[in-house]
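Peer 1: In terms of our numbering, the sequence shown opens at residue 9 and continues consecutively. Starting off with a structure, shown below.
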Amino acid sequence: MIRNGILIDPETLTRSRGNIGIVNGKIEMITKDNIQGLQEFDVEGKMVCPGFIDIHGHVDWDDYCGELSLRQGITTTVGGNCGLSPLDINAFFAAQEKQGFIVNQAELIGHSISLREEVGATDPLKPATPEQLRQMEYLVEKALEEGACGLSLGLAYAPGSSNDEIMNLSKIAARYGRIVAVDTRMITGIDMYSLVEVIAIARQTGARIQVSHFVYQYGTGVMEEALSVINRARFEGLDIRFDSGMYTQWATHIGAVLFNEEYMETNGWKLDDILVITGKYNGQRLTMDIYHELRTQHPHTAVVVFTGIEEEIYMALNHPYAMPSTDTGTYLPGEGHPQIAGSFPRYFKKMVTERYELNIMEAVRKATLLPAETLGFTSKGRLRKGMDADIVVFDIKNITDKAVFGQPNAHPEGIDYVFLNGKLALAKGELMDTKAGKAVRCNKPVYDYQI
């Protein structure tokens, strides 16, 4: 029993004081009556809402990464983004169903790295052959049958992907009613061609599009124009949505084709714009010597690129179809981007309590109901009887991120309790049940929910 909370349900847009009864992993009742429970938690004056859903992450079975997500109030994470995923989706889900995990996991099937490598299309600058494409089509359909919640395209990592690859695979996702999550090509950082390409995917295939980490792609001085492209597409009737991070720096690995010298020059990136965040040069800016050493000897070293404009973070997340996301990834303690531990607390601190960009109801909706509707999670993202008891209790006055470069895993403050499928997973910063997370399979079409 969760007592005396300020209950926020983004589906009915209601905010009221009350108690929540949980039975067998589900919300059994929401009431103001003074009833008893086997376990009781008095959360007087704290916000109680559905658990946060991170629609763009890379947890993918990493315990440490999952823990940092849970500490932010995230109860469900979507992996397989940016074209990188496990290929055997059924085995991935079966393992979680047997063993449990620290958070719930849904999964996309990734094209641009995983599928292409599986079928032998290993040159990111060259298109797949017709036979390789046929193999990928089979694997995508198999993954969707096994419960993948969509297809992910990491076009920035395989710019040689052909139009046939993109359209044929997206048509399969559209037929299943699943999303296509797109990490757009980063051509110059200021053009709209990469976003127009995404609109064309939706228009030609009927796919529902989720543009990944929008501010990292277009928060370089062109956010207003990028949002106009989204709005025109939605006015046309296309279902285009996006997620966005809370930082002006984005992370990836130094071996990516993005860091070929010609791409660096085209984007106007200087070596000093790029910070190493893993390995022996952790915390150092690139020099020419470090650049060549890492590219040739340690291509999986993670780096961050400082290219963004802070105001464009808030501009993006004000859009009615924008959702916060972490873009979290697998790192060792002390390494990585602060987004791995700070994204959602920072979102509420900046957007609600500091800048008054959003009211609490709208902020919760974007972090819970909107991604649940986008993904077709009908039992998540809502605070009412019969829903999964994925619940976060937080202090809106004191919620804050502590993670910074150098201490990217510093735990946030203001997250009091996290319940996962009815089990207490986090209490006052202490991990409790670390195996309460379940596999989240998509087994039916996703329907478009209009706001």
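No residue lacks a Cβ here, since even glycine has one placed at the ideal position from N, Cα and C.
1) Let's test the definition: count the other Cβ atoms within 10 Å of the Cβ of G337 and tell me whether it reaches 16, buried, or not, exposed.
2) Can you tell me which residues form a DSSP beta bridge with M468?
3) Would you give the residue range spanned by the alpha helix (DSSP H) that N176 belongs to?
4) So what's Q143 in DSSP terms, helix, strand or just coil?
5) The beta strand (DSSP E) spanning N27 covers which residue range?
6) Output the residue ranges of the alpha helix (DSSP H) runs that lie fully inside the region 77-131 and measure 4 residues or longer, sorted by chain position.
7) Since I believe I63 is in contact with T382 (beta carbons under 8 angstroms), could you give me their beta-carbon distance rounded to a whole number of angstroms?
8) Label F243 either buried or exposed according to how many other C-beta atoms from any shown protein chain fall within 10 Å of its C-beta, with 16 as the threshold for buried.
9) Could you tell me if P420 is buried or exposed, where buried requires 16 or more neighbouring beta carbons within 10 angstroms of its beta carbon?
10) Nearest-angstrom Cα distance between L163 and A136?
11) Measuring only the C-alpha atoms, how far is Q140 from G430?
12) To the nearest angstrom, report how far apart L439 and M395 are at their CA atoms.
13) Give the single residue among G342, L76, I97 whose Cα lies nearest to the Cα of A447.
14) In whole angstroms, what is the alpha-carbon distance linking N42 and A349?
15) Helix, strand or coil, according to DSSP, for F60 in the structure here?
16) Out of P58, P94, G229, G108, point me to the one whose CA is closest to G81's CA.
17) Where does T309 land, buried or exposed, given buried means 16+ other C-beta within 10 angstroms?
18) Excluding the five sequence neighbours on either side, which residues of its own chain have a C-beta within less than 7 angstroms of the C-beta of R449, listed in chain order?
19) My output table needs one value for Q44: the three-state DSSP class, helix, strand or coil.
20) Pull the bridge partners of E269 from the DSSP assignment, please.
21) Ordered along the chain, which non-local residues of its own chain (more than five positions away) have a Cβ less than 7 angstroms from that of I174?
22) Could you name the residues of the same chain whose beta carbon sits closer than 6 angstroms to that of Q225, not counting the 5 residues immediately before and after it, in chain order?
23) Below 8 angstroms, how does it come out for the region 305-319 and the region 370-390: are there three or more Cβ pairs, yes or no?
24) Could you please give me the residues that DSSP links to T260 through a beta bridge?
25) Do T83 and D398 have their beta-carbon atoms positioned less than 8 angstroms apart in this structure?
26) Leaving aside the five residues before and after Q143 along the sequence, list all residues of the same chain whose C-beta is less than 7 angstroms from its C-beta, in chain order.
Peer 2: Based on what the coordinates show:
1) buried
2) With the chain covering 9 to 459 only, the question about residue 468 has no answer from this structure.
3) 171-183
4) helix
5) 22-31
6) 97-107, 124-127
7) 7 angstroms
8) exposed
9) buried
10) 13 angstroms
11) 44 angstroms
12) 23 angstroms
13) I97
14) 37 angstroms
15) strand
16) P58
17) buried
18) F101, G155
19) coil
20) Answer is none; E269 lacks a bridge partner.
21) L161, I209
22) T192
23) no
24) V311
25) yes
26) V127
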